[in-house]
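J.: First the structure, then my questions, so here it is.
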Amino acid sequence: MVEISNDISRAKNLLNAGEVIGLPTETVYGLAGNALNEKAILEIFKVKNRPKFDPLILHFSDFKKAQKFIETPSDRMISLIEAFSPGSVTYLVNKKEAISDLITAGLPRVAIRFPNHQVAQALLKDVEYPVAAPSANPFGYVSPTCSKHVADQLGHKIPFILEGGNCKIGLESTIIGEEDGKIIIYRKGGLEIEAIEAKVGKVIVKERSTSQPSAPGMLHSHYAPSLTTEKLNKEKLHALATDGKNAILLFERHKSDPTTENIHYLSEMGDLSQAASNLFSMLRALDTDNYDNLYVELVPEQGLGRAINDRLRRATNS
Ligand code: TXA
Ligand code: MG
44 MVEISNDISR
54 AKNLLNAGEV
64 IGLPTETVYG
74 LAGNALNEKA
84 ILEIFKVKNR
94 PKFDPLILHF
104 SDFKKAQKFI
114 ETPSDRMISL
124 IEAFSPGSVT
134 YLVNKKEAIS
144 DLITAGLPRV
154 AIRFPNHQVA
164 QALLKDVEYP
174 VAAPSANPFG
184 YVSPTCSKHV
194 ADQLGHKIPF
204 ILEGGNCKIG
214 LESTIIGEED
224 GKIIIYRKGG
234 LEIEAIEAKV
244 GKVIVKERST
254 SQPSAPGMLH
264 SHYAPSLTTE
274 KLNKEKLHAL
284 ATDGKNAILL
294 FERHKSDPTT
304 ENIHYLSEMG
314 DLSQAASNLF
324 SMLRALDTDN
334 YDNLYVELVP
344 EQGLGRAIND
354 RLRRATNS
């Protein structure tokens, strides 16, 4: 049985010993290990069943701690790091020698992140090495937003999960980097693109691709639940709702909605932050219920809605 507790010194001792543990962050839970320990890195790939071409994010308490392991980023990247750290954003920067090619899948850049979560911060402040942590889900499945999600899927493979409550943001971090002097968004996530553009002007958003992704989180069918998932045609809502084998996931409640029990709401009040924090736990809950099909409604394409729709589109493979 996996141990779940908020004992930070126990978490630290396990990381020091090269073990892999569940780590809470404000975005999603990570599967954490000492990034300077090759055995720990290999164990992360093994536990997640993750292909080695998919690189790992390094976590630090703050930018100062990361500097030993990376080349100095451009002034513009530093201004973004200063504006949004700690926070739900990951920066692609050039790595130094000390970071192994296993972490970056041989790429010249390494992903770094400073989580805005009290428990994660307490642990990261207390260790000298970078902590590698991909989301703590089997490769290709929905990310975990509470310790139970981690325990359900990976509890038999890891000794310990550091308890940090429900993830407040509930979507993975926004991944940003620079190419030819332009800021690029490689993955839409917990930090709104609008907030980044307010700092540095218009950015380029890389949409998903089916082959040769520059961030494999861009792989087409990533983040998918296992039941058949389709985009909802709102005109068919009432007809679909009459079949109890259909789960229907709507954004907000409307008076005209059917009142059947298979209708679920990301946020009854239509709040995008609430929808984001509910999304993955609802996808998981519906995936384990006795449903055959899942129909999902896209949310408004703004703010966190852009990242939510990205995950919903991936889940529906469209
Ligand atoms: O919110 C998050 O980012 C969570 C928490 C635990 O920090 N982590 C997370 O990690 O979502 P992961 O591994 O599931 O997703 C990270 C994505 C992957 O798609 C990976 O391919 C991409 O970041 N990535 C990592 N390093 C990269 C690099 N050097 N170049 C391009 N993409 C990279
Ligand atoms: Mg992931």
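Heads up: the sequence shown begins at 44 in the working numbering, then just goes up one per residue.
Heads up, the beta-carbon is just placed ideally off N, CA and C, and yes, glycines get one too.
Which residues does DSSP pair with H307 in a beta bridge?
T.: The residue given as residue 307 occupies position 264 in the sequence shown. For H307, which the question treats as bridged, DSSP gives the partners L292.
J.: Apart from the five residues just before and just after T188, which ones in its own chain have a Cβ nearer than 8 angstroms to its Cβ?
T.: As a working note, residue 188 is residue 145 in the sequence shown. V71, Y72, N209, C210, G213, S320, F323, S324.
J.: For the pair the segment 144-159 and the segment 239-252, tell me if three or more CB-CB distances fall below 8 angstroms.
T.: For the pair of segments examined, the segment 144-159 was found not to touch the segment 239-252: the number of CB pairs separated by less than 8 angstroms stays below three.
J.: Need the endpoints of the beta strand (DSSP E) that N352 sits in, please.
T.: Translated into the one-based positions of the sequence shown, residue 352 becomes position 309. Looking at the DSSP string, N352 is not in any beta strand (DSSP E); the run it does join, the alpha helix (DSSP H), is 347-358.
J.: Go ahead and pull the three-state DSSP assignment for I121.
T.: As a position in the sequence shown, residue 121 is number 78, starting the count at 1. Looking at I121 - three-state DSSP - the assignment turns out to be helix.
J.: Leaving out five residues before and five after N59 in sequence, what residues of the same chain have Cβ atoms less than 6 angstroms from its Cβ?
T.: As a working mapping, residue 59 is identified with position 16 in the sequence shown. Beyond the five residues adjoining it in sequence on each side, N59 comes within less than 6 angstroms, by CB distance, of no other residue in the same chain.
J.: Alpha carbon to alpha carbon, what distance is there between A176 and M44?
T.: Residue numbering aside, residue 44 sits at position 1 when the sequence shown is read from its first letter. Residue numbering aside, residue 176 sits at position 133 when the sequence shown is read from its first letter. Straight through space, the alpha carbons of A176 and M44 are spaced by roughly 22 angstroms.
J.: If you measure from the CB of S178, is any heavy atom of the ligand MG nearer than 6 angstroms?
T.: For the purposes of this step, residue 178 is taken as residue 135 along the sequence shown, with counting starting at 1. Within the cutoff, so yes.
J.: Taking Cβ to Cβ, would you say I142 is nearer than 7 angstroms to L99?
T.: Indexing the sequence shown from 1 puts residue 142 at position 99. Indexing the sequence shown from 1 puts residue 99 at position 56. Not a contact, by the Cβ cut-off of 7 angstroms.
J.: Considering E86, what are the terminal residues of the alpha helix (DSSP H) in which it resides?
T.: Sequence index remark: in the sequence shown, residue 86 carries index 43 (1-based). Here the alpha helix (DSSP H) through E86 covers 81-91.
J.: With distances taken Cα to Cα, identify the nearest neighbour of T217 among L205, K225, L234, K298.
T.: As a working mapping, residue 217 is identified with position 174 in the sequence shown. The shortest C-alpha separation from T217 is found at L234.
J.: Figure out for me which residue from P343, E344, G346, V339 has the closest Cα to the Cα of L355.
T.: The sequence position of residue 355 within the sequence shown is 312, counting from 1. Ranking the options by Cα distance to L355, first place goes to V339.
J.: Tell me the rounded alpha-carbon separation between L347 and L135.
T.: To locate residue 347, count along the sequence shown from 1; it is residue 304. To locate residue 135, count along the sequence shown from 1; it is residue 92. Going by the C-alpha atoms only, they are around 21 angstroms apart.
J.: Output the distance between the C-alpha atoms of P129 and K107, rounded to the nearest integer angstrom.
T.: Translated into the one-based positions of the sequence shown, residue 129 becomes position 86. Translated into the one-based positions of the sequence shown, residue 107 becomes position 64. Spanning the two alpha carbons is a distance of roughly 12 angstroms.
J.: Given that a residue counts as buried once 16 or more other Cβ atoms are within 10 Å of its Cβ, and exposed if not, what is R296?
T.: Here residue 296 refers to the residue found at position 253 of the sequence shown. With fewer than 16 Cβ atoms within 10 Å of its Cβ, R296 is classed as exposed.
J.: For the ligand TXA, is there any heavy atom lying closer than 6 angstroms to the beta carbon of V388?
T.: Residue 388 lies beyond the stretch modelled for the chain, which goes from 44 to 361, so this question has no answer here.
J.: Is the distance from the Cβ of N77 to the Cβ of E114 below 7 angstroms?
T.: Counting from 1 along the sequence shown, the entry for residue 77 is found at position 34. Counting from 1 along the sequence shown, the entry for residue 114 is found at position 71. No, the Cβ-Cβ distance between N77 and E114 is not below 7 angstroms.
J.: Tell me where the beta strand (DSSP E) around L66 begins and ends.
T.: Taking the first residue of the sequence shown as position 1, residue 66 is located at position 23. Its beta strand (DSSP E) spans residues 64-66.
J.: According to the neighbour-count rule (16 or more other Cβ atoms, all chains shown, within 10 Å of its Cβ), is S104 buried or exposed?
T.: Translated into positions along the sequence shown, residue 104 becomes position 61. Classification for S104: buried.
J.: Look at the Cβ atom of P181, then the Cβ atom of N92, and state whether they are nearer than 7 angstroms.
T.: Taking the sequence shown and counting its residues from 1, one reaches residue 181 at position 138. Taking the sequence shown and counting its residues from 1, one reaches residue 92 at position 49. Contact: yes.
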